[in-house]
Amino acid sequence: MASVRRQSTVFFKENMQHSSLLVLNGPNLSRLGRREPEVYGTMTLDDINEGLMGRYVDVNFEFFQSEYEGGVIEKIYDCEDRGGFIGAVLNAGALTHYSIALRDAISAVQLPVVEVHLSNVHAREGFRQTSLLAPVCAGVISGFGADSYRLGVEALLQRLQA
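So the working numbering is basically just the index in the sequence shown, starting at one, shifted up by 18.
Given below as structure tokens:
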């Protein structure tokens, strides 16, 4: 059993030397730590990103945040065009609930995407409980605060090792 784990770890490290993982954030996430801390917590986006880099030292992260739908979509296409990405962890914010264009972009690429949310969207207002993105994502993680990002990364890494 130990040799299988070691081989898996070696494969993973070799793969990650040439691959990146995108952490992509949509509108209003630049305001984390200040915007409704009782809902979203007090950690900033930089805090979350630094935590991921500290925890996963063998992972090449690329972090991106845009207040604009087009910026998020362009980044997905950019990563697909450049190649070398194992997947994306996406907190699309409000775009989750209404962006058909973002849904179409996720569908158009071969990049596995895990949708994440800081809050439990199913315990909030009705309009937040609908995701246009979930059906085209590899999975959805919601309600674990900043840990939602870590869980999204874990899910993508498990996919790579499978």
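A virtual CB, placed ideally from N, CA and C, is assigned to each residue, including glycine.
CA-to-CA distance, residue j to residue i, given in whole angstroms
i      : j      : result
Ser117 : Met71  : 29 angstroms
Ser166 : Val154 : 19 angstroms
Thr60  : Leu40  : 23 angstroms
Ile124 : Asp99  : 13 angstroms
Ala119 : Pro130 : 17 angstroms
Thr148 : Val139 : 9 angstroms
Arg73  : Asp122 : 32 angstroms
Ala180 : Glu172 : 12 angstroms
Gln176 : Ala126 : 23 angstroms
Val77  : Ser137 : 26 angstroms
His115 : Ala152 : 10 angstroms
Leu178 : Arg52  : 35 angstroms
Pro45  : Arg168 : 20 angstroms
CB contact below 8 angstroms: residue i versus chain B
i      : result
Leu169 : The structure shown contains no chain B; it holds only a single protein chain.
Among the options, nearest to residue i - alpha-carbon criterion
i      : options                         : result
Asn109 : Ser125, Tyr74 and Gly157        : Gly157
Thr62  : Gln176, Ala164 and Gln179       : Ala164
Ile159 : Glu172, Glu92, Ser48 and His135 : His135
Gln128 : Ser149, Asp96, Gly44 and Ser137 : Asp96
Residue i and residue j closer than 8 angstroms at C-beta
i      : j      : result
Val107 : Gly170 : yes
Ser38  : Phe79  : yes
Gly105 : Leu174 : yes
Gly111 : Leu47  : yes
CB-CB length for residue i against residue j, believed under 8 angstroms
i     : j      : result
Val90 : Leu113 : 7 angstroms
Lys93 : Leu42  : 6 angstroms
Original post:
Does the region 84-91 come close enough to the region 60-76 that 3 or more CB-CB pairs lie under 8 angstroms?
Top reply: no
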